[in-house]
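One structure is given here, and the rest of the page talks about it.
Numbering (mature numbering (1 follows the signal peptide of the UniProt record, and there is no 0)), first residue to last: -16 to -1, 1 to 380.
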């Protein structure tokens, strides 16, 4: 009971408002890094799972629609998930929004201590969070940090000007912990500033901030390489499985030509019960095959009028959801369209982007290419289009 009472004194603000410009620039994905899928769940869901056992309430801050989707089904024991509040233009503004939301709680429900955690840090070890909370009994502010191991150089215009002694240098991590009332007041007093972390506000106000040991596993997803490192942390529990898919549709008059989710200008479309997206149909079969869940016809029978002229994007979204529901992740998907015309090259990048969007993965995991049958067979006679697809997934 005493441990539970201590937990109820602690709230966590889970930040998810950042755009992740460095990660997005590297991966060409419109998806903010905290919503990228890792081990079958969004990164921020892992972060929430890691915090929940140690706090009495979690205040999510970020885009309400995206956060609600990412945290769907998140209902931890002995921890209240508060309504999402929109984030601000800066990290400091987002933290302030979370603090204000906590301050609006009834006085007897407000926390004594607050943790600020980046939603892009999915695997904070329990001992790190526990260490921060324990140290708050003696200090007004506490951050986890790891010593700088590399030699640090200062440079100007590409030329080294100085070697910085690393003896007293640390890399700060989250969750950072504070006395709630103190941090709230400092944020209100520093509304025009833009602190990169909350410890800086305490330092500037003359309060001491203690350091407790962080962890090298407490990785913040910032660059593409970080996702690889994070995947390695969960890698041993997941096994690779590969599936293949094949589909073919005949040309038909007076129909749009939809391939890989893109409307491709052409004189004819493809015949089919749905929108006849040959690329998505083959890819769905590849994913279902990798999961040993049959084919697209099992999930969306053509005998049902519900799927008449349906947008095949719905089918691929379902296939992607099945991977995540199985606790897995898509490693890569490869789509080969077989036709004489139209030319696929001018549309392949748009197709890759659309498939990545529907599957909620980085675009570099999706390949779309085309070939011809050298004028042989039905594709050579331009009677229709065929597609081969393969998909590799990791599942428990």
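Glycine included, each C-beta is placed from N, C-alpha and C at the ideal position.
Measure the C-alpha to C-alpha separation of residue i and residue j and round it to an integer number of angstroms.
i           : j           : result
residue 199 : residue 112 : 7 Å
residue 77  : residue 157 : 19 Å
residue 265 : residue 230 : 8 Å
residue 26  : residue 51  : 10 Å
residue 12  : residue 351 : Annotation note: pLDDT 48 at residue 12 (below 50); position unreliable, coordinate value reported separately. Those two C-alpha atoms are separated by around 14 Å.
residue 327 : residue 248 : 9 Å
residue 188 : residue 308 : 44 Å
residue 320 : residue 244 : 11 Å
residue 299 : residue 268 : 7 Å
residue 10  : residue 348 : Any reading at residue 10 must be qualified, since the residue scores a pLDDT of 45, below 50, and its modelled position is unreliable; the value itself is stated next. Rounded to whole angstroms, residue 10 to residue 348 spans 10 Å at the Cα level.
residue 116 : residue 281 : 52 Å
residue 72  : residue 209 : 27 Å
residue 191 : residue 171 : 14 Å
residue 87  : residue 63  : 18 Å
residue 146 : residue 139 : 7 Å
residue 75  : residue 234 : 53 Å
residue 160 : residue 274 : 41 Å
residue 148 : residue 165 : 36 Å
residue 453 : residue 343 : The chain is shown only over -16 to 380; residue 453 falls outside these bounds and no answer can be derived.
residue -14 : residue 297 : Here the model assigns residue -14 a pLDDT of 49, short of 50, so the residue's position is not dependable, and the following value carries that caveat. Answer to the nearest angstrom: the Cα atoms are 48 Å apart.
residue 137 : residue 150 : 10 Å
residue 322 : residue 259 : 18 Å
residue 284 : residue 277 : 12 Å
residue 279 : residue 196 : 52 Å
residue 254 : residue 295 : 13 Å
residue 239 : residue 363 : 18 Å
residue 168 : residue 100 : 12 Å
residue 118 : residue 143 : 44 Å
Measuring alpha carbon to alpha carbon, tell me which residue in the options is nearest residue i.
i           : options            : result
residue 216 : 313, 95, 270, 251  : 313
residue 98  : 150, 229, 36       : 36
residue 201 : 281, 125, 155      : 155
residue 263 : 225, 285, 339, 213 : 339
residue -5  : 137, 235, 163, 129 : 163
residue 19  : 34, 47, 40         : 47
residue 292 : 316, 257, 304      : 257
residue 81  : 93, 92, 66, 91     : 66
residue 354 : 361, 369, 341, 365 : 369
residue 251 : 366, 287, 194, 341 : 366
residue 181 : 129, 223, 134, 224 : 129
residue 34  : 53, 61, 84         : 61
Based on the DSSP secondary-structure assignment, which residues constitute the bridge partners of residue i?
i           : result
residue 135 : DSSP output for residue 135 lists no bridge partner at all.
residue 128 : 196
residue 299 : In DSSP, residue 299 forms no bridge with anything.
residue -6  : 41, 98
residue 377 : 225, 314
residue -1  : 46
residue 122 : The partner list for residue 122 (beta bridge, DSSP) is empty, contrary to what the question assumes.
Counting only the same chain and skipping the five closest in sequence on each side, list residues whose C-beta sits under 6 Å from that of residue i.
i           : result
residue 330 : none
residue 153 : 132
residue 270 : 227, 228, 229, 373, 374, 375
residue 318 : 351, 374
residue -12 : Note that residue -12 scores a pLDDT of 47, beneath 50, so its modelled location is shaky; the value from the coordinates is reported in the next line. None.
residue 356 : 324
residue 44  : -3, 51, 68
residue 371 : 231, 262, 263, 266, 321
residue 124 : 163, 166, 191
With a threshold of 8 Å on Cβ separation, who are the neighbours of residue i within its own chain once the five nearest residues in sequence on each side are excluded?
i           : result
residue 30  : 22, 23, 106, 107
residue 213 : 203
residue 246 : 331, 334, 335, 338
residue -8  : 40, 95, 96, 97
Going along the chain, which residues of its own chain have a beta-carbon closer than 7 Å to the beta-carbon of residue i, five neighbours each way excluded?
i           : result
residue 102 : -2, 158, 204
residue 345 : 21, 314
residue 32  : -3, 42, 55, 58
Quiz item: Hey, which unbroken runs of the beta strand (DSSP E) at 3 residues or more fall wholly within the stretch 200 to 254?
Solution: Within the stretch 200 to 254, the complete beta strand (DSSP E) runs of at least 3 residues are 223 to 236.
Practice problem: Just list the alpha helix (DSSP H) runs in the stretch 8 to 60, keeping only unbroken ones of 4 residues or longer that don't cross its boundaries, in chain order. | Solution: Fully enclosed alpha helix (DSSP H) runs of 4 or longer: 27 to 35, 48 to 54.
Quiz item: Which ranges does the beta strand (DSSP E) cover as unbroken runs of at least 3 residues, wholly within the stretch 347 to 375, from first to last along the chain?
Solution: Correct list: 350 to 355.
Self-check item: Whole runs of the beta strand (DSSP E) within the stretch 78 to 106, excluding any shorter than 3 residues
Solution: The beta strand (DSSP E) runs of length 3 or more contained entirely in the stretch 78 to 106 are, from start to end of the chain, 97 to 102.
Practice problem: Quick one: which unbroken beta strand (DSSP E) runs of 3-plus residues sit fully inside the stretch 152 to 182? Chain order, please. | Solution: Secondary structure remark: continuous beta strand (DSSP E) runs of at least 3 residues inside the stretch 152 to 182, in chain order: 154 to 156, 160 to 163.
Exercise. Could you name each continuous alpha helix (DSSP H) segment of 4 residues or more that falls completely within the stretch 282 to 346, going from the start of the chain to the end?
Key: Runs found: 297 to 309, 332 to 343.
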